[in-house]
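A short write-up of the structure that comes next.
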């Protein structure tokens, strides 16, 4: 469906009507079915008893159970590989392992890449881990001198106050562990509790400091974290082949993957059949800001120049990047809706418009690489939430469906999982709008 770009900015009510009319026409091309049984699986809800998912609450995460279900539904075989180009907390690879399927992932955030690697490592000695944890807390109790430096993050003391010395002692002893797999396991456990033991909490696009928040005590909280992690790795879930690349999925060169990843990467490229993932949503969230406690305290980021580099390599879903007043055009229907939005009335103005257009350009680049990797027999499942700006809904799922069709995926459908909210101001206009939703966009080549 192609509609020519508007020249005049419509009134809010007419803009919503025109956007909805376009989406109604697009839904005649891409079937949309109710899939509300996914509503508690596409977000981190009721996961306290889900092995591995419960290690770290990724606000934007989804359940590994959903991945396992989808792979079984689509009759994935043990020789198949599933790719997640936005690996996040590793739910796709954990779900693939539960289904007996091999998994590959791309992740630009080094903390999240490490989270996935630790989850997928299949050769932990549970009794040795338990002994090392006891030894760690025994050493910390001796209150040895702190010889490591404090992170350069300017808010470090504000975050941890009276628990900072204890935190640095624990970190120091973890860094002295000679076995890299064990060291990563212990450091990850510490990273997973940092927010809970701080005076801050993640909120929207960063951190806030609620006056009433009381940090959890560091040592007992970490003891509980290690206990549940050890419980999960001790369940004896059979390992499957996997490969994880700490890289930018928009720019990855397929020809270099085999060279960099060895035999496993070659097998992945030869047998990649599925890609199941959830990209960052176009919601102005900068995940280098949201997860900065973990990035800085675990030394993935050591100075602000590194932070800037990581931020520039992230998907264009936030305003902390330079867009140079550039407005790429990748889809006529998207251009039409973008021109309906009164950007000057939004808090981000034209920079927000540039962000939205660059966001879709980024996702098209990722989809193009997926098409190259999956070939003619591949299947894509993209879990994505729609957004709204200037009181106009942006049906991301429908625009991504258009990209997939353009790239040669002959069958494209949408499973609508749940209704999404928006800002309180926009809710007054958009309450009940059917295009504020979180969906699974499913595409196959044949």
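Numbering (this note's numbering), first residue to last: -13 to 432. Cβ coordinates follow ideal geometry from the N, Cα and C atoms, glycine included.
Straight through space, the alpha carbons of residue 420 and residue 174 are spaced by roughly 40 Å.
For residue 228, the enclosing beta strand (DSSP E) starts and ends at 228 to 231. Look at residue 379 here: in three-state DSSP terms it is strand. For a cut-off of 8 Å, the C-beta gap from residue 77 to residue 121 is around 31 Å, too long to register as a contact. When DSSP reads this structure, residue 423 sits in a beta bridge with 405. As for any beta strand (DSSP E) of minimum length 3 sitting wholly inside the segment 174 to 218, the runs are 187 to 189 and 192 to 194, ordered along the chain. The criterion of a C-beta distance shorter than 7 Å is satisfied by residue 74 and residue 47. With distances taken between CA atoms, residue 359 lies nearest to 257 out of 257, 309 and 60. Going by DSSP, residue 366 is part of the beta strand (DSSP E) stretching over 365 to 371. Within a 10 Å sphere around the beta-carbon of residue 134 sit fewer than 16 other beta-carbons, which makes this residue exposed. For the options 139, 102, 154 and 68, the alpha carbon positioned closest to that of residue 129 is the one of 154. Separation of residue 263 and residue 368 (C-alpha to C-alpha, rounded to the nearest whole angstrom) is 5 Å.
Take residue 372, set aside five residues on each side of it, and the residues of its chain with a beta-carbon closer than 7 Å to its own are 379, 380, 381, 382, 383, 406, 421, 422 and 423, in chain order.
Measuring C-alpha to C-alpha distances from residue 249 to each of 227, 259 and 268 identifies 227 as the nearest. The three-state reading of DSSP puts residue 44 in coil, since its state is none of H, G, I, E or B. In the same chain as residue 204, and ignoring 5 residues on each side of it, the C-beta atoms closer than 8 Å to its own belong to 149, 152, 153, 156, 179 and 183, in chain order. Between the C-alpha atoms of residue 339 and residue 313 there is a straight-line separation of about 8 Å.
Remark: C-beta atoms of residue 2 and residue 90 do not approach each other more closely than 7 Å.
The residues 236, in chain order, have a CB closer than 7 Å to that of residue 351 in the same chain once the five nearest residues on each side in sequence are set aside. Bridge partners of residue 18 according to DSSP: 400. Residue burial is scored here from C-beta neighbours: residue 84 has at least 16 other C-beta atoms within 10 angstroms and is therefore classed as buried.
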